[in-house]
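J.: Numbering (the numbering used here), first residue to last: 271 to 877.
C-beta atoms are modelled at their ideal positions from N, C-alpha and C, and glycine is treated no differently.
All values derive from a computational prediction rather than experimental measurement.
I am attaching a structure below and will ask some questions about it afterwards.
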C-alpha cells in the first residue's frame, strides 16, 4: 500500500523508489540486527519499557501503582511515564508479544519507524518538487550522521520524527483540501508525537505560527472541525500530563540546587547547537543544506515557495510566467497551497530556540534539524512548478546544464556522506546475556547487585532470559549505595560512607552475588565513578570473603571499552538474610518503593 497522498493510478511509479528507501534503511540499520547489546545509556530504558508494558498487560493488576513499583525494584531500568511517554513502549510491547523479548525485536521496532519516516519525507518532498527531489531528500534523511547512529539503537529519535513527519503531511493536506478527516488526522498525529517524546510538541508551535501567517489558513481556523480538533489535541495532551503528574517527578528535580536560567547569560548557550550541526548532520549534508537554503531565483526548488502536486490551472501558470508564485494565494479551484520552505524555516528556528532555552544540552537533542536540512539539500533535484508525473519527468530531462551540474554535485556529496557514515554502522557493544545465564544456572542466586555504567543492559538481558527473569532480583548500586545525579542537575547523595557500610548492606539483604565493571571506559566523565563504586570494586578483591566466578569482555568492537571486563563475584561468607523487605529511594519518582525479598536458606541454598 503506497503512503498517503499518492494518486492510486500513479502509485506504481513510486513503489520502486519506496522499496529502495526501505532497502537502504534496512541495510544501514538492520544488517546485524540480533548481534550485541544496546549502546546509548537511554536505550535499555526504552527496551525495558516495552517489556514492562507487555508484562503489565499480561498481569493486568488490580493495584497498578503497587505492581509497577515492585516491577521497577525487581527490574530497575524503566523510563516510562517518569521520563518518557508510553506510545513507543506500547508499539514495542506488541512486537515483543509476537516475536519475543529480544534486542533484535526492539531494534526492529525502531527500524519500522525509520522506514516510515523515510517514506513520509519522500511523500512530502515529492509533492512539492517531484519524485527526484523526494527521493534525494529521503536519502539525505537516512544518511544524516545522527540518523544512522539512532536507527541502530533503541532510541526515541526516529519514532518521534515519524510522527512529526506524519503530522506535517496531515497539516499540508488539510491546508490544501480542508476537511474534518484531515483535521482529525492532524490532531491524532500531533498527540502521537507528544506521546512518543514530549519535545515533539514543538511542532504545535510551528504549525500555529505557519497557519496564522497564511491568509487562507486564518480563515480555516474559524471552522468548527478545526476548533474541535484543536481542543481535542490540547485536551489529550493536558489529560496525559495531569494523569501522570504524580509519577513524572523528574522535571522539578532537574532544577534542584542550581540557578535554572543561568545558562541564558552565556554566549556558548546560543552557539552550542550551531557548532553541533556537523556532528548531527555530517559535513556533506550540512554544506548542501546551507547552499540549498539560499534564495536563488530561477533555480529548481530553490525559491521560498513551491507549487502543489496537482497540475496548475492556465490562469495560475500565467501568474508564474508573470513572475508571481502560484503558492502566494489559493488556487482558482479552491484548493489551498503551502510553502514548505517557510514551514522548514519555522521548524528549524522554533526547535533551535526551544533547545537553546533548555539547560540540558546534548548534540542528539538537535536531531529534529535533519528534516529541514534534508529538504534543502535536495533543492537542485526539485522542480519549481510540478505538474503531472510526465511533466515532472520531462522537467528533469530538460533541465539546464547548470542544474544538471548542481544535481551531480549533490550526488557526489551523497556518496561522500555514505562513506563517512559507514563507520557509524559498524560494531556494537556486547550484550551481557552470558552473565545472566551464568547466574540463573547457580541454585543459590536470587538477589544480584550490579554496579557499573551498563547496568541497564544487564537488567534487560536478565528479563529477556526466561530462567533469569523468574529467579533474579537485580539491585543497582546507584540505588542501594548512592543516588546518581541526573546530568548533575539534582544533588548526588551517598547512602554508604565506607566499604564497611557496603558489607553491612550485603549482609542485611543477603546479597550473595555482585557484578562489577573493572573500570571506566575511555573518555568517561569522572562522575561516572563515584566513591561507593570504587569502594565496592576494592571490597570484592578480598579473597577471604569473595570469589571470582566469571568474567566477560565489554568492548569487542569499541576501543573505549576494550580494556573493561564485567566480573561476577560470589560473597562466599554471606550470612542468612536478616530482612524480608527492602525499601529503596527513587528520587525521579518522588517516592520510596518497597519490595518483598525472596526467602532463601543460605546453608542449603534451597527456596
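When you compare each of 343, 807, 823 to residue 817 by their alpha carbons, which one comes out closest?
T.: Comparing Cα-Cα distances from residue 817 to each of 343, 807, 823, the minimum goes to 807.
J.: Which first and last residues belong to the beta strand (DSSP E) in which residue 839 is found?
T.: Its beta strand (DSSP E) spans residues 835-841.
J.: Do residue 391 and residue 348 count as a contact pair if the criterion is CB distance below 7 Å?
T.: No, these two residues do not count as a Cβ contact at 7 Å.
J.: What residues match up with residue 340 in a beta bridge as DSSP calls it?
T.: Answer by DSSP bridge pairing: none, since residue 340 is not bridged.
J.: According to the neighbour-count rule (16 or more other Cβ atoms, all chains shown, within 10 Å of its Cβ), is residue 578 buried or exposed?
T.: Its pLDDT being 34, under 50, residue 578 is placed unreliably in this model, and the coordinates cannot settle the point.
J.: What number of angstroms, rounded off, separates the C-alpha of residue 311 from the C-alpha of residue 724?
T.: Taking the straight line joining both Cα atoms gives about 7 Å.
J.: Under a three-way DSSP split, which group does residue 516 fall into?
T.: Residue 516: coil per DSSP, three-state reduction.
J.: Residues in its own chain within less than 6 Å of residue 617 by CB, not counting five upstream and five downstream?
T.: Only 476, 642 meet the Cβ criterion.
J.: May I ask you to report which of helix, strand or coil DSSP gives residue 311?
T.: It is coil, neither helix nor strand.
J.: Excluding the five sequence neighbours on either side, which residues of its own chain have a C-beta within less than 6 Å of the C-beta of residue 730, listed in chain order?
T.: 314, 317, 318, listed in sequence order.
J.: Give the straight-line distance between the Cα atoms of residue 605 and residue 293, rounded to the nearest whole angstrom.
T.: Here the model assigns residue 605 a pLDDT of 46, short of 50, so the residue's position is not dependable, and the following value carries that caveat. Their Cα atoms are separated by approximately 35 Å.
J.: Determine the direct distance from the alpha carbon of residue 609 to that of residue 596, and round the result to whole angstroms.
T.: Confidence is the limiting factor: at residue 596 the pLDDT is only 33, short of 50, which leaves the residue's position unreliable, though a coordinate-based value still follows. C-alpha separation (whole angstroms): 10 Å.
J.: Which class does residue 753 belong to by DSSP, given the choice of helix, strand or coil?
T.: Strand.
J.: Would you identify the three-state DSSP class for residue 603, choosing helix, strand or coil?
T.: At residue 603, the pLDDT of 34 sits below 50, so the modelled position is not reliable and the matter cannot be decided from this model.
J.: Have a look at residue 538 and residue 631 and give me their C-alpha separation to the nearest angstrom.
T.: Going from the Cα of residue 538 to the Cα of residue 631 covers about 11 Å.
J.: For the candidate residues 421, 401, 385, whose alpha-carbon lies nearest to that of residue 436?
T.: Closest by alpha carbon: 385.
J.: Do you know how far the Cα of residue 454 is from the Cα of residue 514?
T.: Using only the alpha carbons, I get a separation of about 25 Å.
J.: Is residue 414 helix, strand or coil by DSSP?
T.: It is coil, neither helix nor strand.
J.: I'd like the list of long-range same chain contacts for residue 304, defined as Cβ closer than 6 Å, with 5 residues on each side in sequence excluded.
T.: Here the set comprises 374.
J.: What span of residues does the beta strand (DSSP E) with residue 366 cover, start to end?
T.: Residue 366 -> not in any beta strand (DSSP E); alpha helix (DSSP H) instead, spanning 357-369.
J.: Touching or not, the stretch 397-417 and the stretch 330-345, by the rule of three or more beta carbon pairs under 8 Å?
T.: No: the two stretches stay apart, fewer than three of their Cβ pairs being nearer than 8 Å.
J.: Here's a check: name, in chain order, each residue in its chain whose Cβ is nearer than 6 Å to the Cβ of residue 865, leaving out the five neighbours to either side.
T.: Around residue 865: 340, 343, 852.
J.: Using DSSP with H/G/I as helix, E/B as strand and the rest coil, what is residue 503?
T.: Residue state, collapsed to three classes: helix.
J.: From which residue to which residue does the alpha helix (DSSP H) around residue 821 run?
T.: From DSSP, residue 821 is part of no alpha helix (DSSP H) but of the beta strand (DSSP E) over 816-823.
J.: Would residue 603 be called buried (16 or more neighbouring beta carbons within 10 Å of its own) or exposed?
T.: Because residue 603 carries a pLDDT of 34, less than 50, the predicted location of this residue cannot be relied on, and the following value inherits that uncertainty. Flag for residue 603 reads exposed.
J.: Given a threshold of 16 other Cβ atoms within 10 Å of its Cβ, counted over all protein chains shown, does residue 786 qualify as buried or as exposed?
T.: Looking at its Cβ environment, which holds 16 or more other Cβ atoms inside 10 Å, residue 786 is buried.
J.: Starting from residue 354, follow its DSSP beta bridges and name the residues at the other end.
T.: Per DSSP, 350.
J.: Let's see if you can read the secondary structure: which residues bound the beta strand (DSSP E) around residue 783?
T.: Taken as a continuous stretch (DSSP letters only), the beta strand (DSSP E) holding residue 783 covers 783-787.
J.: Kindly indicate which residue of 769, 728, 704 has the alpha-carbon position closest to the one of residue 811.
T.: The shortest Cα separation from residue 811 among 769, 728, 704 belongs to 769.
J.: Reducing DSSP to helix, strand and coil, say where residue 635 ends up.
T.: The answer is helix: DSSP assigns residue 635 an H, G or I state.
J.: My assumption, with CB atoms under 8 Å, is that residue 471 sits in contact with residue 464. Please give the rounded CB distance.
T.: Rounded, the Cβ-Cβ distance is 5 Å, consistent with contact.
J.: Decide if the stretch 546-561 is in contact with the stretch 410-423; the criterion is three or more beta carbon pairs, one per stretch, under 8 Å apart.
T.: Segments in contact, yes.
J.: Is the number of C-beta pairs between the stretch 707-716 and the stretch 780-797 that are closer than 8 Å three or more?
T.: Touching, per the Cβ criterion.
J.: If residue 726 and residue 822 are in contact, beta carbons under 8 Å, what's the gap, nearest whole angstrom?
T.: With 8 Å as the limit, residue 726 and residue 822 do not qualify as a contact, their Cβ atoms being about 16 Å apart.
J.: Just the Cα atoms here: how many angstroms apart are residue 543 and residue 428?
T.: Their backbone Cα atoms lie some 19 Å apart in a straight line.
J.: What does DSSP give as the partner residue(s) for residue 863 in the beta ladder?
T.: For residue 863, which the question treats as bridged, DSSP gives the partners 854.
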